[in-house]
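Taking it in order: structure first as structure tokens, then the write-up.
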Amino acid sequence: MLYALDKEVAAKRERRVNKLLKASRSPNPDACIEDITYTPGRTINKEQITRLAHCQWCQSAQNIVILGKSSVGKTYLAQALLTAACRNDYSARFFRTDTLANHLAVLKHDDPARITFLEDLHHTDVLVLDDFLTTPIDAATAHQLLNILAEREPRGSTIVTSQYTPDEWYKSIPDAVIAESILNRLVAGAEIITLEGTNMRLD
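Residue numbers (my numbering): 32 to 234.
Written as structure tokens, this is what we have:
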């Protein structure tokens, strides 16, 4: 009887996690902390990643900034942390930054669908912004991004991956005041992870 109950609890939890992962729109819901490789020459701290897998950062609404050149594993790490969050019963959403900007650009400001979409971004526990500021953004996009981050600040964690350091982000944002506000909201108190190593796509 107890075994059957345990199986039902486990099945219910698995359904819950799968539902959260599906809603997250992660392109790789199978990404997980357990599959991260720690090869010689790759600057990824196993102790740090294991600690992050417990998702204390979700509870405290702490941001995570993952930096590194192309193909060093930034996106996979972000996806694995998203999976860890869902396993710990946190909601999550995953977007490439340019895809998010394009989606918002086609929605009229008074469109109910836009309002609903933004409310979802504001309230999700974890928001992943992949390839953050890989290309410059216009003033309207920067302003919208700032609004999203401002709404999320007291209640949700944001993970960004970027090929550029925060100091270089200024070059991609036309308004210096908005740029400063975006950087402060993302970086202040954030966990910074800098990845170096071989091209993971070729390994």
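Each residue gets a CB set at the ideal place from its N, CA and C atoms; glycine is no exception.
Go through its chain and collect everything with a Cβ distance to residue i's Cβ below 6 Å, but skip five positions before and after it.
{"i": "Ile-224", "result": "Ile-97"}
{"i": "Ala-170", "result": "Pro-205, Asp-206"}
Is DSSP giving residue i helix, strand or coil here?
{"i": "Leu-131", "result": "helix"}
{"i": "Ile-209", "result": "helix"}
{"i": "Val-96", "result": "strand"}
{"i": "Ala-115", "result": "helix"}
{"i": "Arg-124", "result": "strand"}
{"i": "Asp-151", "result": "helix"}
{"i": "Thr-172", "result": "helix"}
Considering residue i, what are the terminal residues of the beta strand (DSSP E) in which it resides?
{"i": "Arg-161", "result": "Per the sequence shown, residue 161 should be read as Asp rather than Arg. First-last of the beta strand (DSSP E) with Asp-161: 157 to 161."}
{"i": "Ile-224", "result": "222 to 226"}
{"i": "Val-191", "result": "188 to 193"}
Beta-carbon separation of residue i and residue j under 8 Å?
{"i": "Ala-115", "j": "Ala-84", "result": "yes"}
{"i": "Ser-203", "j": "Leu-164", "result": "yes"}
{"i": "Gln-90", "j": "Leu-135", "result": "no"}
Assuming residue i contacts residue j (C-beta within less than 8 Å), just tell me the rounded distance between them.
{"i": "Tyr-121", "j": "Asp-161", "result": "Not quite, the Cβ-Cβ distance comes to about 18 Å (not below 8 Å), so this is no contact."}
{"i": "Leu-138", "j": "Ala-144", "result": "6 Å"}
{"i": "Thr-106", "j": "Thr-192", "result": "6 Å"}
Kindly list the residues whose CB is nearer than 7 Å to the CB of residue i, restricted to its own chain and excluding five residues on each side of it in sequence; keep chain order.
{"i": "Trp-88", "result": "Ile-95, Ser-188, Glu-222"}
{"i": "Leu-233", "result": "Its pLDDT being 38, under 50, Leu-233 is placed unreliably in this model, and the coordinates cannot settle the point."}
Need the endpoints of the alpha helix (DSSP H) that residue i sits in, please.
{"i": "Ile-80", "result": "77 to 83"}
{"i": "Cys-89", "result": "87 to 90"}
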